[in-house]
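Below is one structure; the comments refer to it alone.
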Amino acid sequence: MRIIVLLSVLLFSSASLAHQLKNSVTTVLFNQRTEHIELMHRFYLHDTEHAVEDLFGNQADMLKHADDQQKFADYVAEQVAITDPNDQPLQLSNVGFEVDGKFFWVYQEAAMPKQPLKGLKMTHGALHELWPAQINMVNIEGKGKVRTLYFERQNQWHSVTF
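If you count by mature numbering (1 follows the signal peptide of the UniProt record, and there is no 0), then the sequence shown holds residues -18 to -1, 1 to 144, one letter each, in order.
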C-alpha cells in the first residue's frame, strides 16, 4: 500500500511540475520562394487562456472565443520585433492565428529586404511580465544552419549573423 501511495504522490507532483514549465517555440523561416520572413509562434493553449485572463481581466475561452484569440495574437505582435544588423526595423505584419490541439499558433511575416541580410536582431518578450520563468525559444531557419535563440526576460535582444 505504501508503494501505491508513494507512486501516486510522485505521479501527481511530476504532472504539476510539468505544467509549470512555461515556454514557447517560434520558428523564423526565410522563405526564398515567397521572399518573406515568416514567424510562427507556438504557445500552450492553457497558458494562453491564463495570460488573456491576467492581461485583460476577463474569463477566457481560447477554443470558443475568437476575440480572446485575437487579443492574445495582438499581444504577441506587440512583444516581438526584428531589425537588421544596423537596427533598421523589419515591419512585421500579422498573418493570422489558430488553435491546433493543445497549442495556439500566431503567424507573422515581413518582406525580405532588397539587400541580403547578413544577420538580424530580435526580441521576444511574450509572457515574461506574467511568468518570470517563461522561456521563448526561437529557431531561425533558411539561412544556413539552424540557429536557436533563448529569450528569458523582457526587453532582451539577441543577434545572429549569417
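No residue lacks a Cβ here, since even glycine has one placed at the ideal position from N, Cα and C.
In whole angstroms, what separates the C-alpha of Phe54 from that of Phe38?
Roughly 9 Å between the two C-alpha positions.
Between the Cα of Ile64 and those of Ala115, His106 and His23, spot the shortest distance and give me the residue it belongs to.
Closest by alpha carbon: His106.
To the nearest angstrom, report how far apart Asp50 and Asp36 are at their CA atoms.
Near 12 Å, if we compare the C-alpha coordinates of Asp36 and Asp50.
Mind checking Ala115: buried by the 16 CB within 10 Å criterion, or exposed?
It is exposed - the Cβ of Ala115 has fewer than 16 other Cβ atoms within 10 Å.
Counting pairs of Cβ atoms below 8 Å between the segment 78 to 95 and the segment 113 to 132, do you hit three or more?
Too few Cβ pairs lie closer than 8 Å, so no.
Given this structure, state the Cα-to-Cα distance separating Val142 from Asp69, to the nearest angstrom.
The straight-line gap from Cα to Cα measures roughly 13 Å.
Starting from Lys53, follow the alpha helix (DSSP H) in both directions and report where the run begins and ends.
Counting along the chain, the alpha helix (DSSP H) containing Lys53 begins and ends at Ala48 to Gln61.
Helix, strand or coil: how does DSSP classify Tyr37 here?
Strictly speaking, residue 37 in this sequence is Leu, with Tyr absent from that position. Looking at Leu37 - three-state DSSP - the assignment turns out to be helix.
Excluding the five sequence neighbours on either side, which residues of its own chain have a C-beta within less than 8 Å of the C-beta of His18, listed in chain order?
Here the set comprises Glu91, Ala92, Ala93 and Met94.
Thr30 and Leu21: beta carbons closer than 9 Å?
No, the pair does not count as a contact, with Cβ atoms beyond the cut-off.
Report the three-state DSSP secondary structure of Asp82 (helix, strand or coil).
The answer is strand: DSSP assigns Asp82 an E or B state.
For Ala103, write down the residues that DSSP places opposite it in a beta bridge.
Rather than Ala, the amino acid found at residue 103 in this sequence is Lys. The partner list for Lys103 (beta bridge, DSSP) reads Thr65 and Ser141.
Using 9 Å as the threshold, is the C-beta distance between Lys96 and Pro67 below it?
No, the pair does not count as a contact, with Cβ atoms beyond the cut-off.
Return the CA-CA distance between Ile117 and His23, expressed in angstroms with no decimal places.
The straight-line gap from Cα to Cα measures roughly 13 Å.
Among Gln138, Phe12, Pro71 and Lys4, which one has its Cα closest to the Cα of Phe144?
Checked all of Gln138, Phe12, Pro71 and Lys4; the closest Cα to Phe144 is Phe12.
Could you check where the beta strand (DSSP E) with Thr9 kicks off and where it finishes?
Run containing Thr9: Asn5 to Asn13, per the beta strand (DSSP E) assignment.
What are the boundary residues of the beta strand (DSSP E) that includes Arg135?
Premise fails: Arg135 is in no beta strand (DSSP E) and is neither H nor E.
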